[in-house]
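Sequential numbering of the sequence shown, starting at 319, is according to the numbering used here.
Glycine included, each C-beta is placed from N, C-alpha and C at the ideal position.
Here the structure comes first, spelled out in structure tokens, and everything after it is commentary.
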Amino acid sequence: MQMEIQSWMADLSARLQDAFGGRLLFLGLQGSQGRGEAGPDSDIDLVAVLDSLSPEDLDRYKAVLGNMPEGELACGFVCGKAQLTAWPAYDLLTLMLDTKPFLGDLRAFIPLPGRQAALEAVRIGAANLYHGLCHGRLFSDAGFLESCHKAAFFLLRAIWYLETGAWPPTGRSLEMALAAAGEDTSGRILGRYRRGIPAGDEDEAFRELLEWAGGLLPYYKEDREKEDGHALSL
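Put into structure tokens, the structure is as follows:
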């Protein structure tokens, strides 16, 4: 699918414009397909913005996807313009920085979130990850650990953006940046997300991720300029 995603998106854009006309304000692609890191079964993570959104619009959008080849892989974010402009800023960070546009420009509707939004994204991401690890250890099967490492990848990107102002476009570029910065702990965490957790290393992977996520929460409790480097190796 990766080799065909550009033409697939062009086809989808044409079909959605036929269905919605000028009401389709934005269409983009994010996730592993947008980053060029997709596997054969990866979702097609779409972002679509309409001038307004009704139940009938959702049904029409679903019908268009249902007629697309491999449309069953489609998922993602759909909203109306008014809702997008009122969306919590912290949640827009990844949406804006990780979405590859195919029609329109998100910045025509919303500004790029600032430092406070990035800080909030890190705080909430760390809290959700910490809770997910604790809940998973108690109540879930072993598969939760892979999901938590995926969440750690998104959190690491938000931290890197908060601390450096640069948004790593891919997992590979982030891993290279972490290695260059000597961030061993976060590098191992990201490596487990990208290449899988080696058999027999699950307990150590869990412990390291729990300690890392738990350390982020008190570290980022206050917004302060840090003179001693950033927090990735906590």
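For residue i, count neighbouring C-beta atoms within 10 Å of its own C-beta (all shown protein chains included) and say buried if the count is 16 or more, exposed if not.
i: phenylalanine 524; result: buried
i: serine 504; result: buried
i: glycine 262; result: A question about residue 262 goes unanswered here, because the residues of the chain that appear run from 319 up to 552.
i: leucine 371; result: buried
i: leucine 456; result: exposed
i: glycine 349; result: buried
In angstroms with no decimal places, state the Cα-to-Cα distance between residue i and residue j.
i: leucine 430; j: glycine 443; result: 19 angstroms
i: valine 365; j: asparagine 385; result: 18 angstroms
i: arginine 506; j: cysteine 466; result: 14 angstroms
i: aspartate 394; j: arginine 353; result: The displayed chain sequence assigns glycine, not aspartate, to residue 394. Cα to Cα, the separation comes out at about 15 angstroms.
i: alanine 392; j: arginine 513; result: 24 angstroms
i: serine 325; j: aspartate 361; result: 16 angstroms
i: tryptophan 485; j: leucine 415; result: 7 angstroms
i: alanine 337; j: proline 487; result: 32 angstroms
i: glycine 532; j: glycine 509; result: 19 angstroms
i: serine 458; j: leucine 451; result: 10 angstroms
i: glutamate 501; j: glycine 340; result: 47 angstroms
i: valine 396; j: glycine 389; result: 16 angstroms
i: glutamate 529; j: phenylalanine 427; result: 39 angstroms
i: alanine 439; j: aspartate 541; result: 12 angstroms
i: leucine 334; j: leucine 527; result: 42 angstroms
i: leucine 345; j: alanine 356; result: 19 angstroms
i: lysine 418; j: glutamate 464; result: 26 angstroms
i: alanine 497; j: glutamine 351; result: 24 angstroms
i: alanine 404; j: glycine 432; result: 15 angstroms
i: alanine 621; j: proline 406; result: Summary: the structure shown does not reach residue 621, with the chain confined to residues 319 through 552, and so no result is reported for it.
i: leucine 383; j: isoleucine 323; result: 14 angstroms
i: aspartate 359; j: glutamate 481; result: 33 angstroms
Does the beta-carbon distance from residue i to residue j come in below 8 angstroms?
i: alanine 436; j: tyrosine 479; result: yes
i: alanine 460; j: glutamate 520; result: yes
i: leucine 535; j: tyrosine 448; result: yes
i: methionine 327; j: leucine 342; result: no
i: tyrosine 511; j: arginine 441; result: no
i: alanine 332; j: leucine 411; result: no
i: phenylalanine 471; j: glycine 489; result: yes
i: aspartate 363; j: lysine 399; result: no
i: leucine 402; j: valine 367; result: yes
i: leucine 492; j: leucine 473; result: no
Please find out if some non-hydrogen atom of the ligand ADP comes closer than 7 angstroms to the beta-carbon of residue i.
i: tryptophan 326; result: With respect to the ligand ADP, the structure offers nothing, as it holds no ligand at all.
**Request:** Please list the segments of the alpha helix (DSSP H) lying wholly inside the region 399 to 470, counting only runs of 4 or more residues, in order along the chain.
**Result:** Listed in chain order, the complete alpha helix (DSSP H) runs (minimum 4 residues) inside the region 399 to 470 are 399 to 403, 407 to 416, 433 to 457.
**Asked** Do three or more CB pairs link the region 418 to 425 to the region 369 to 389 at distances below 8 angstroms?
**Response** Taking 8 angstroms as the limit for Cβ pairs, the verdict is that the region 369 to 389 does not touch the region 418 to 425.
**Message:** Quick check on the DSSP output: what are the complete alpha helix (DSSP H) runs of length 4 or more inside the region 330 to 394, in order along the chain?
**Reply:** Listed in chain order, the complete alpha helix (DSSP H) runs (minimum 4 residues) inside the region 330 to 394 are 349 to 353, 373 to 384.
**Message:** So within the region 503 to 549, which uninterrupted alpha helix (DSSP H) runs reach at least 4 residues, ignoring any that extend past its ends?
**Reply:** For the alpha helix (DSSP H) assignment, the uninterrupted runs of no fewer than 4 residues enclosed by the region 503 to 549 are, from N- to C-terminal side, 520 to 537.
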